[in-house]
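In UniProt numbering, the protein residues as written are 1 to 548.
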């Protein structure tokens, strides 16, 4: 039985801690519980994180934009398929055997061509009043042979009925001459005269009942006149009832149908199903291949996605659809936010500088050995979040964890940390939007909604260039996100200072009052010495100021 997945996922605009903690926690929980924990991410990784993952040969977690229930999360029904040239009778028998109401019609590559239901077959069979139906639908002779359990005595089994009507030769030969036309299909018995008359009138096919064997004269003449001869064990009445069931379903299948893909959200699926008469809908790949069927039965007892949150506990920072999934666990080091759960959850939140520090402690508590690459990832997260121990958020636990993990990973914290920050500071190839949203979070203080982004660098000259590139983005981002104000922190790791860009005059006024500094000569920012941490230094003071 396939193990149910539990996705371990960090916040939107993920930083190194968010990604590395997801990988490390998934590995830990998989070893402790035996369950299928899968590391995931809610956004693109930044250049610093990319450096870390490559350095320790770790795969980038899967991207999840939305955690609402999708078709792939449901135990979908199997698809029973048929060929476009299969007969109505064969399709009906297949439906009966499989105890389903819908067949998908596919080509040789399993790509969807259409579908047919029991209702479609019944309507087709009951609604036939045209005696030319077989020729108009270019019915294959092999379908007629299968439907009538027939044997072809003269003709090509791979041929098709190209013209003519179906008729029963119940009259004497003299009268038959009046209504048999060129290419007609004539159903008759063992009367030699009737068989001869039909061939001489250029019938296209004779269907002889009761397994009657025509004599050599009839067979020879039929070959000369290119008249197909089929014999069937059924009597003429039964054969006449069955013959229309030999039509190929390609002419009656529904071609304009709704389909779903495995990534479609159930909310959207429900809406489509409510507007369509079919009870079963094909599930196809991007290439159009059928992989299953979705029925109304699949909507009963839907299982929501299960997630474990790391490095955040606020809905505003969480992946889309967070209220439509089942939160199982939360491991974080931030202030308590608001994430609603339907059931009790495992929750661990500690006042340390990094989520990976908490996860390291959990490895020790559960006596799980830490592989070198996992140790490297967690150490990288601690270095990143504590700015190489320079952040006021850094605690003795963070330092102890990082030093221990560094030994397991075989790295020097100072040397490796500088390499990591240098890789993360390479912003030349990134667009303004990529830089702006690389580490951007939303917060609230009373009635005020505000956003704070941050970039850290070892290079003061690069930060100056970023200042020039981003200053015009803040007012636009404020309007796009419906926020009251936006701040952007340009943090110099080496001298432990931050230039705070402000979206407008109101934001400048608040920032100046909050940190007791003057507006810079550029008129769009304030400079704050001895500040590197958004969580520990910027947010608490800003919230306090806004709530005054």
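Glycine included, each C-beta is placed from N, C-alpha and C at the ideal position.
Original post:
For residue 294 versus residue 260, is the C-beta distance shorter than 8 Å?
Top reply: yes
Subject >> Which listed residue (450, 195, 335) has its alpha carbon closest to that of residue 485 >> reply: 450
Original post:
What are the start and end residues of the alpha helix (DSSP H) that includes residue 143?
Top reply: 141-147
**OP:** Apply the 10 Å Cβ neighbour rule to residue 1 and answer buried if 16 or more other Cβ atoms are within range, or exposed otherwise.
**Re:** In this prediction, residue 1 has a pLDDT of 47, which is less than 50 and means its spatial position is unreliable; what the coordinates show is noted afterwards. The residue is exposed, with fewer than 16 neighbouring Cβ atoms inside 10 Å.
**OP:** Return the Cβ separation of residue 168 and residue 240 in integer angstroms, given the expectation that the two are a contact with Cβ distance under 8 Å.
**Re:** 6 Å
Subject >> Contacting residues, own chain, Cβ-Cβ under 7 Å from residue 142 (five flanking each side not counted) >> reply: 157, 158
Original post:
What is the DSSP secondary structure of residue 197, counted as helix, strand or coil?
Top reply: helix
Subject >> Cβ-Cβ separation, residue 17 to residue 425 (assumed contact under 8 Å), whole Å >> reply: Rounded, the Cβ-Cβ distance is 17 Å, inconsistent with contact.
**OP:** State the beta-bridge partners of residue 489 as determined by DSSP.
**Re:** 454, 500
Original post:
Smallest Cα separation from residue 41: which of 525, 215, 110, 318?
Top reply: 318
Original post:
What did DSSP end up calling residue 295 once you bin it into helix, strand or coil?
Top reply: strand
Subject >> Opposing strand residues paired with residue 205 [DSSP bridges] >> reply: 185, 228
Original post:
Nearest-angstrom Cα distance between residue 421 and residue 387?
Top reply: 9 Å
Original post:
Any idea if residue 63 is buried or exposed, counting beta-carbon neighbours within 10 angstroms, 16 or more meaning buried?
Top reply: exposed
Original post:
Quick one: what's got a C-beta closer than 6 Å to residue 222's C-beta in the same chain, skipping five residues either side?
Top reply: 154, 199, 229
**OP:** Go to residue 404, then tell me how far its alpha helix (DSSP H) extends in each direction, as first and last residue.
**Re:** 396-409
Original post:
Which class does residue 6 belong to by DSSP, given the choice of helix, strand or coil?
Top reply: strand
**OP:** List in chain order: all unbroken alpha helix (DSSP H) runs of 4+ residues lying wholly within the segment 238-318.
**Re:** 266-274
Original post:
Which value, in whole angstroms, describes the spacing of the CA atoms of residue 359 and residue 367?
Top reply: 12 Å
Subject >> Beta-carbon proximity list for residue 334, same chain, < 8 Å, skipping 5 on both sides >> reply: 311, 312, 313, 314, 349, 535
Subject >> Three-way DSSP call (helix, strand, coil) for residue 69 in this model >> reply: coil
Original post:
What runs of the alpha helix (DSSP H), each 4 residues or longer, lie entirely inside the UniProt domain "CBS" (75-131)?
Top reply: 88-98, 118-126
Original post:
Since residue 326 sits in a beta bridge, which residues does DSSP pair it with?
Top reply: 306
Subject >> residue 488 and residue 507 closer than 8 Å at C-beta >> reply: no
Original post:
Counting Cβ pairs closer than 8 Å, one from the segment 244-263 and one from the segment 76-87, do we hit at least three?
Top reply: yes
Subject >> Meets three-Cβ-pair contact criterion under 8 Å: the segment 531-547 and the segment 400-410 >> reply: no
**OP:** Give the straight-line distance between the Cα atoms of residue 448 and residue 303, rounded to the nearest whole angstrom.
**Re:** 37 Å
Original post:
residue 65 CB to nearest chain B CB: under 8 Å?
Top reply: Among the chains of the structure shown, chain B does not appear; only one protein chain is present.
Subject >> residue 298 burial status per 10 Å Cβ neighbour count (16 or more: buried) >> reply: buried
**OP:** Jot down the residue ranges of each uninterrupted beta strand (DSSP E) in the segment 13-56, minimum 3 residues, whole runs only, in chain order.
**Re:** 36-41
Original post:
Assuming residue 376 contacts residue 411 under a Cβ cut-off of 8 Å, what Cβ separation, rounded to an integer in Å, is found between them?
Top reply: 6 Å
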